[in-house]
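**Q** Residue numbers (my numbering): 202 to 303. Yeah, the Cβ is synthetic: ideal placement off N, Cα and C, and Gly gets one too.
1. Helix, strand or coil, according to DSSP, for residue 244 in the structure here?
2. Note down the Cα distance separating residue 259 from residue 268, rounded to an integer number of angstroms.
3. Where does residue 263 land, buried or exposed, given buried means 16+ other C-beta within 10 angstroms?
4. Got a sec, what are the start and stop residues for the alpha helix (DSSP H) residue 206 sits in?
5. Please classify residue 256 as buried or exposed, where buried requires at least 16 neighbouring CB atoms within 10 angstroms.
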């Protein structure tokens with residue numbers, strides 16, 4: 202734990218003193234508990250208001266194929282295969298380790 206010296210108003214001091222008496226804790230323990238509660242609340246607020254949540258659903262309205270991850274080669278190379286020598290080159294590549302065109 203870190204030590205800290207703080208200044209309190211009279212009202213803050215009296216509240217802390219009374220709360221400590223009622224809870225049977227030290228004033229320092231009550232102050233730590235109160236601070237923990239504020240930290241937890243603030244962290245929850247920050248998480249709920251994080252702009253990252255605005256990203257959810259961004260792609261929901263995008264139209265296009267839904268099987269891209271399954272047929273990635275078809276979508277990546279389909280246009281390439283329509284070129285003049287592409288089919289012949291692919292056939293050679295699939296049949297052997299020889300990647301030259303006759």
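**A** In terms of the structure at hand:
1. In the structure shown, residue 244 adopts helical secondary structure according to DSSP, grouped into three states.
2. Distance between the alpha carbons of residue 259 and residue 268 is about 18 Å.
3. Around the CB of residue 263, fewer than 16 other CB atoms lie within 10 Å, so the residue is classed as exposed.
4. No alpha helix (DSSP H) contains residue 206, which DSSP labels as neither H nor E.
5. With fewer than 16 Cβ atoms within 10 Å of its Cβ, residue 256 is classed as exposed.
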